[in-house]
Amino acid sequence: MAETFSVYGRGELVFYTRWCFGDPVEGPKELILQLCQLSGVERVETVWSLFGKMRWLSEEGRQDIIYFLESPATGWIRQRRKVDIEVIPLSGGEEAGFEELGSNMPIEKIPEFWDKGKCLWIDLGIHSPMCERMREAVKKGIPTDVRGFFVPGFNGMNFTIGYHDLYGDGPGGPRYLGIVFLSVAFPGIGVAEDWYAFEELVFELEEVENIRRELEEVTGPLEQTVLWDI
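Shown next as structure tokens:
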């Protein structure tokens, strides 16, 4: 049976963590390289800086875990003790600090782009072995009458590191997950025929669970979701 889809849009399977574990300055450099290595690629497609303005208001107690999001609208995050992070909402192209930092670069060079107070989006491309495993697992494990044309990883694999908003549509309407520190995404084209069934089935697949566990070996515990955009 040929794969078809009746609703245009896109979706992505996302693993994410809300917190930066360990030192928020040096730790991410090691994590960036580890994630690139886990993906199985030797070079990344592109690296972007997503925020032009984000700053730590205090250095004291910086290893504390963020535990309270005061206001998504203003972008303020509060930490235990005396540490705050200010995320300044910006919009639109260069005004928001969106900047391509490099393309077709060896993974060993990517951690050099980490700068405290910035958020990086790293595109690992469509040929990542981890991405291929995700695609094959979903194609074999979920019938087309549930997933339609949608396969996470069809558009590659990427991750965003540095505090950023995570949001999209879900089965119950708009889904805003707040400000997270790390998100690893497997985007695809189209949306599932049955959002509820797809989200229930996809995280029960053994290979998807294996991928999450491999990522957690370097990231710590991850949450998971499927986000849609139509």
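Residue 14 is where the sequence shown starts when you use my numbering, and the numbers rise one by one after that.
Where a beta carbon is used, it is the ideal one built from N, C-alpha and C, also for glycine.
Because the structure is a prediction, the values reported are computed rather than measured.
* Relative to the ligand FAD, is the shortest distance from any of its heavy atoms to the C-beta of Met-147 smaller than 7 Å? -> Inclusion of the ligand FAD in the displayed structure is not the case, the ligand content being empty and no account of it being possible.
* To do: Quick one: grab the DSSP three-state call for Glu-25.
  => By one-based count along the sequence shown, residue 25 stands at place 12. In the three-state reduction of the DSSP assignment, Glu-25 falls in the strand class, which pools E and B.
* For Pro-119: DSSP bridge partner residues -> Within the sequence shown, the letter at position 106 stands for residue 119. For Pro-119, the beta-bridge partners assigned by DSSP are Arg-56.
* Distance, Gly-22 Cα to Leu-195 Cα -> Here residue 195 corresponds to residue number 182 of the sequence shown, with the count starting at 1. Here residue 22 corresponds to residue number 9 of the sequence shown, with the count starting at 1. Near 24 Å, if we compare the C-alpha coordinates of Gly-22 and Leu-195.
* Residues that DSSP places opposite Gly-186 in a beta bridge -> Indexing the sequence shown from 1 puts residue 186 at position 173. Gly-186 pairs with Gly-183.
* Beta-ladder partner(s) of Glu-112, from DSSP -> As a working note, residue 112 is residue 99 in the sequence shown. Under the DSSP definition of a beta bridge, Glu-112 partners with Ser-62.
* **Buried versus exposed call for Ile-135 [16 or more other C-beta atoms within 10 Å across all chains shown]** => Along the sequence shown, read from residue 1 onward, the residue named residue 135 stands at position 122. Buried.
* Pull up the distance between the alpha-carbon of Glu-222 and that of Phe-28, whole angstroms please. => Here residue 222 is taken as the residue at index 209 of the sequence shown, counted from 1. Here residue 28 is taken as the residue at index 15 of the sequence shown, counted from 1. Computed Cα separation, rounded: 11 Å.
* To do: Indicate the three-state DSSP secondary structure (helix, strand or coil) for Ser-211 in the structure shown.
  => As a first step, residue 211 is located in the sequence shown; it is residue number 198 there, counting from the start. The sequence shown places Phe at residue 211, rather than the Ser named in the question. Residue state, collapsed to three classes: helix.
* To do: Taking 8 Å as the cut-off, decide whether the C-beta atoms of Gly-24 and Val-215 are in contact.
  => Residue mapping note: residue 24 aligns to position 11 of the sequence shown, counting from 1. Residue mapping note: residue 215 aligns to position 202 of the sequence shown, counting from 1. Not in contact: Gly-24 and Val-215 (Cβ atoms no closer than 8 Å).
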